[in-house]
Amino acid sequence: MNPNDLRFTKTHEWVSPDGTVGISDHAQHEITDVVFVELPKSGRAVKGEEACCVVESVKAAFDIYAPVAGTVSAANDAVAKDPAVVNRSPYDQGWLFKIQMANPADRDKLMTHDQYQEFVKTGGH
Amino acid sequence: MKRTPLYPQHKTMGARLIEFGGWEMPVQFQGILAEHKAVREAAGVFDISHMGQVWVTGSEAEGFLQRLVTNDVSKLAQGKGLYALLCREDGTVVDDLYIYRFETDRFFLVVNASRAEEDLKWVRGRLKGDVQILEQPQAAALALQGPKASAILEPLFPSAIDLPRNGIVEISLLDMDFLVSRTGYTGEDGFEIFAPAGHILQLYPRLLEAGAGFGLAPCGLGARDTLRLEMGYRLYGQDLDEKHTGLEAGLGWVIKLDKGDFVGRDVLVRQKAEGPKRRLVAFRLKEKGVPRHGHALSFKGLPVGEVTSGTFSPSLQVGIGMGYVEARAFPKDVEKETGLAVQVHGREIPAEVVALPFYNPKKAVPHESK
Chain A
1 MNPNDLRFTK
11 THEWVSPDGT
21 VGISDHAQHE
31 ITDVVFVELP
41 KSGRAVKGEE
51 ACCVVESVKA
61 AFDIYAPVAG
71 TVSAANDAVA
81 KDPAVVNRSP
91 YDQGWLFKIQ
101 MANPADRDKL
111 MTHDQYQEFV
121 KTGGH
Chain B
1 MKRTPLYPQH
11 KTMGARLIEF
21 GGWEMPVQFQ
31 GILAEHKAVR
41 EAAGVFDISH
51 MGQVWVTGSE
61 AEGFLQRLVT
71 NDVSKLAQGK
81 GLYALLCRED
91 GTVVDDLYIY
101 RFETDRFFLV
111 VNASRAEEDL
121 KWVRGRLKGD
131 VQILEQPQAA
141 ALALQGPKAS
151 AILEPLFPSA
161 IDLPRNGIVE
171 ISLLDMDFLV
181 SRTGYTGEDG
191 FEIFAPAGHI
201 LQLYPRLLEA
211 GAGFGLAPCG
221 LGARDTLRLE
231 MGYRLYGQDL
241 DEKHTGLEAG
251 LGWVIKLDKG
261 DFVGRDVLVR
271 QKAEGPKRRL
281 VAFRLKEKGV
291 PRHGHALSFK
301 GLPVGEVTSG
311 TFSPSLQVGI
321 GMGYVEARAF
331 PKDVEKETGL
341 AVQVHGREIP
351 AEVVALPFYN
361 PKKAVPHESK
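Top line first, the protein sequences correspond to chains A and B.
According to this note's numbering, the first sequence is numbered sequentially starting from 1.
According to this note's numbering, the second sequence is numbered sequentially starting from 1.
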C-alpha cells in the first residue's frame with residue numbers, strides 16, 4: 001500500500017480507505033523485532049482509540065489502538081504465523097486487522113502521511 | 001547516569017541505549033534476535049564494563065571470604081573461579097558473584113553493577129584481620145561468547161584457549177595485562193576479559209577485527225538477557241533479591257552448609273530442614289504469548305506467585321520464564337501436573353513446569369581438562 005493513501009494516528013497506527021489497520025514504519029523500527037502479535041477477534045466492536053491488539057518485541061509489549069470506531073471484520077493470519085512480517089512489510093503483508101468503519105468520515109480527521117512524518121520528526125512518539 | 005569507556009564506540013556503531021543498574025548501556029546493535037543467534041551459532045561480544053571488580057587480598061582473605069559467601073572458598077584452587085552468593089543474616093541475597101583466586105591470598109571478585117556499592121559497604125562493614133579490599137580503578141571488561149569464541153581469541157591470547165571452565169589467567173598483549181577467564185552468562189563456551197579501561201579500549205577493535213570472518217556480532221543487554229534466561233541463570237533484582245533466600249532461588253548447589261559458619265547459615269540450615277516456603281520454578285508456555293516480569297502465576301485458578309523473569313525464547317520460539325511460587329499451594333510432587341498458568345494481558349495462558357536449562361547449547365564447554 002502507498003503510505004500516501006493511508007491515514008495515521010498519534011499512536012502510530014495507520015488505516016486505509018477500506019479500514020485495514022497496521023502500524024507505521026517508524027513504529028515497527030522503534031518496537032524492534034516483533035515476536036508475537038495478539039490480534040482482535042472478528043466481530044469485536046471497537047471504539048476509536050480503544051486498545052484492541054498487542055504487538056510484542058523481545059523486550060516489551062505495545063498496545064495497538066483502533067484508529068476509528070467500528071467492528072473488526074478480519075485479522076491477518078500471516079502475522080500470527082510470522083510476526084516478523086510486521087517489521088519487513090508494515091504497510092503491506094504486515095497489516096494487523098480490518099475494521100468495518102462505523103463512520104468512514106472519522107478517518108479523515110486523522111493525519112496524512114506528510115502530517116504524520118512531520119509529527120514524528122518534531123518528537124511525537 | 002554512568003557510562004562505560006566503550007560508550008563512544010557503541011554510539012558510533014549505532015547501538016540503542018538503555019538505563020541498566022545506573023549505567024547507560026547498549027540494549028542492542030543490529031537487533032536482539034540476530035545477536036542472540038550470533039552467540040548461539042557463532043560468537044558475540046558484550047561490553048560488561050559496568051560490572052563491579054573488587055580485589056580482596058591479605059593473609060586472612062580466604063577465611064574472610066569463607067565467612068561471607070555461601071560457596072566453599074577453601075576448595076578454590078589458584079587460577080580458578082566459583083559462583084557464590086553473598087547473604088544477609090536472614091539468608092536473603094545481597095548479591096551473586098564470581099570469586100577467582102590468583103595466589104593463596106589474592107582474590108578477584110566480579111559483582112553486579114547494580115549491587116557494587118551495596119556489596120562494598122557490606123563487605124567493608126565486616127572487615128576483620130589482615131584483609132585489604134580494593135575496588136579495581138578504571139575497571140572495564142568484555143565478554144566473548146559463542147561456539148567460535150576460542151577460535152577468535154586464539155590469535156590474540158593463545159594461552160587462554162587451554163583454560164578449563166571457570167579457569168582464569170593473567171595474559172600480556174602488546175605490553176598490556178589482561179585477566180582472561182573461561183566464564184560467561186550465556187551457556188555457550190566463551191571468555192570474559194578484565195582490564196583497565198585503556199587496555200579494553202585497545203582490545204575491542206582488535207577483537208571485532210579478529211571475529212569478522214567468524215560472524216562475531218557486537219551484542220547488547222537485550223540478547224544477554226534472552227541468552228541467560230534460556231539457561232535459567234538468575235538475574236539479581238529479578239530472580240534474586242533481599243526478599244528470597246538462595247535455597248528458595250534453587251541455588252542449593254552453591255550453598256555449602258557443611259563448610260563451617262558463614263553469614264546466613266543458621267537460617268539456611270533451618271530452612272533446608274523445614275523446606276522453603278517459596279521456591280523458584282521454571283516454566284514454558286503451552287500457547288503463544290510472552291510472559292514478563294510481574295505477571296501473576298496461578299495454580300488451578302488460585303494465585304501462587306509472580307513471574308520474576310520472562311521472555312520470548314529466540315532459540316525455542318516459545319514463551320519461557322521463572323517465578324516464585326508458594327510451596328504450600330504448589331507442592332513439588334505435583335510439578336508435572338497441569339494447572340500452572342500465567343496471566344498475560346488478562347489472558348490465562350497454561351504453562352508447564354520444566355527443568356533447567358530451558359535450552360542446551362550445542363558445543364560443550366571444556367571442563368577440568370588440563
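Where a beta carbon is used, it is the ideal one built from N, C-alpha and C, also for glycine.
What you are looking at is a predicted structure, and each value in this text was computed from that prediction instead of being measured.
Excluding five sequence neighbours on each side, which residues of the same chain lie with their C-beta closer than 7 Å to the C-beta of residue i?
i: residue 1/A; result: 16, 91 and 92
i: residue 109/A; result: none
i: residue 3/A; result: 91 and 113
i: residue 1/B; result: 19, 22, 23 and 24
i: residue 204/B; result: 6, 9 and 142
i: residue 63/A; result: 51 and 54
i: residue 35/A; result: 56, 57, 58 and 83
i: residue 26/A; result: 12 and 120
i: residue 292/B; result: 307 and 310
i: residue 130/B; result: 58, 59 and 60
i: residue 228/B; result: 185, 186 and 235
Identify the residues that DSSP records as bridge partners of residue i: which are they?
i: residue 180/B; result: 169/B and 193/B
i: residue 371/B; result: Summary: the structure shown does not reach residue 371/B, with chain B confined to residues 1 through 370, and so no result is reported for it.
i: residue 25/B; result: 18/B
i: residue 8/A; result: 14/A and 111/A
i: residue 110/B; result: 53/B and 98/B
i: residue 349/B; result: 342/B
i: residue 2/B; result: 23/B
i: residue 93/B; result: 87/B
i: residue 186/B; result: Paired residues: none, contrary to the question.
i: residue 245/B; result: 92/B
Throw me the rounded Cβ distance for the residue i and residue j pair, which I believe falls under 8 Å.
i: residue 306/B; j: residue 297/B; result: 6 Å
i: residue 141/B; j: residue 49/B; result: 5 Å
i: residue 47/B; j: residue 12/B; result: Actually they do not touch by this definition, with Cβ atoms about 13 Å apart.
i: residue 93/B; j: residue 119/B; result: Actually they do not touch by this definition, with Cβ atoms about 11 Å apart.
i: residue 187/B; j: residue 7/B; result: Going by Cβ atoms, the distance from residue 187/B to residue 7/B rounds to 27 Å, so no, they are not a contact pair.
i: residue 401/B; j: residue 330/B; result: The first residue shown for chain B is 1 and the last is 370, placing residue 401/B beyond what the model contains.
i: residue 259/B; j: residue 72/B; result: 4 Å
i: residue 21/A; j: residue 13/A; result: 6 Å
i: residue 128/B; j: residue 64/B; result: 7 Å
i: residue 28/A; j: residue 87/A; result: 5 Å
i: residue 57/A; j: residue 98/A; result: That belief does not hold up - the Cβ atoms of residue 57/A and residue 98/A are roughly 24 Å apart, past 8 Å.
i: residue 340/B; j: residue 352/B; result: 7 Å
i: residue 31/B; j: residue 18/A; result: Incorrect: roughly 32 Å between the Cβ atoms, too far for contact.
Near residue i, what residues of its chain come up, given a Cβ to Cβ distance below 6 Å and the 5 sequence neighbours on each side ignored?
i: residue 362/B; result: none
i: residue 91/B; result: 245, 264, 267 and 268
i: residue 27/B; result: 16, 18, 220, 221 and 222
i: residue 67/B; result: 262
i: residue 45/A; result: 71
i: residue 145/B; result: 39, 44, 184, 186, 188 and 190
i: residue 308/B; result: 238, 239, 322 and 323
i: residue 226/B; result: 36, 311 and 314
Return the chain-ordered list of same chain residues with a C-beta closer than 8 Å to the C-beta of residue i, the five sequence neighbours on each side being excluded.
i: residue 326/B; result: 277, 278, 304 and 305
i: residue 232/B; result: 282, 322, 356, 357 and 358
i: residue 6/A; result: 14, 15, 16, 91 and 113
Counting only Cβ pairs nearer than 8 Å, list the residues of chain D close to residue i.
i: residue 312/B; result: The chain labelled as chain D is not found among the protein chains of the depicted structure, namely A and B.
Original post:
Between the stretch 138-157 of chain B and the stretch 179-193 of chain B, do at least 3 Cβ pairs fall closer than 8 Å?
Top reply: yes
**OP:** Could you name each continuous alpha helix (DSSP H) segment of 4 residues or more that falls completely within the stretch 20-100 of chain A, going from the start of the chain to the end?
**Re:** 25-31, 77-81 and 85-88
Original post:
Hey, which unbroken runs of the beta strand (DSSP E) at 3 residues or more fall wholly within the stretch 33-89 of chain B?
Top reply: 43-47, 52-57 and 80-87
Original post:
Does the count of Cβ pairs from the stretch 17-33 of chain B and the stretch 93-111 of chain B closer than 8 Å reach three?
Top reply: no
Original post:
Hey, is the stretch 87-106 of chain A in contact with the stretch 60-73 of chain A, meaning 3+ C-beta pairs nearer than 8 Å?
Top reply: yes
Subject >> Three CB pairs or more closer than 8 Å across the stretch 197-204 of chain B and the stretch 52-68 of chain B >> reply: no
Original post:
Would you say the stretch 168-180 of chain B touches the stretch 119-138 of chain B, given that touching needs at least three Cβ pairs under 8 Å?
Top reply: no
Subject >> Continuous alpha helix (DSSP H) assignments of at least 4 residues falling wholly in the stretch 257-333 of chain B >> reply: 265-274
**OP:** Decide if the stretch 85-100 of chain B is in contact with the stretch 26-43 of chain B; the criterion is three or more beta carbon pairs, one per stretch, under 8 Å apart.
**Re:** no
Original post:
Below 8 Å, can you find three or more Cβ-Cβ pairs linking the stretch 307-321 of chain B to the stretch 253-262 of chain B?
Top reply: no
Subject >> the stretch 71-84 of chain B contacting the stretch 267-286 of chain B, beta-carbon criterion three pairs below 8 Å >> reply: no
Original post:
Is the stretch 57-76 of chain B touching the stretch 225-237 of chain B, taking contact as three or more C-beta pairs under 8 Å?
Top reply: no
Subject >> 3-residue-minimum beta strand (DSSP E) runs that sit fully inside the stretch 127-153 of chain B, ordered along the chain >> reply: 132-135 and 139-145
Subject >> Sequence ranges, beta strand (DSSP E) only - wholly within the stretch 207-241 of chain B, length at least 3 >> reply: 216-219
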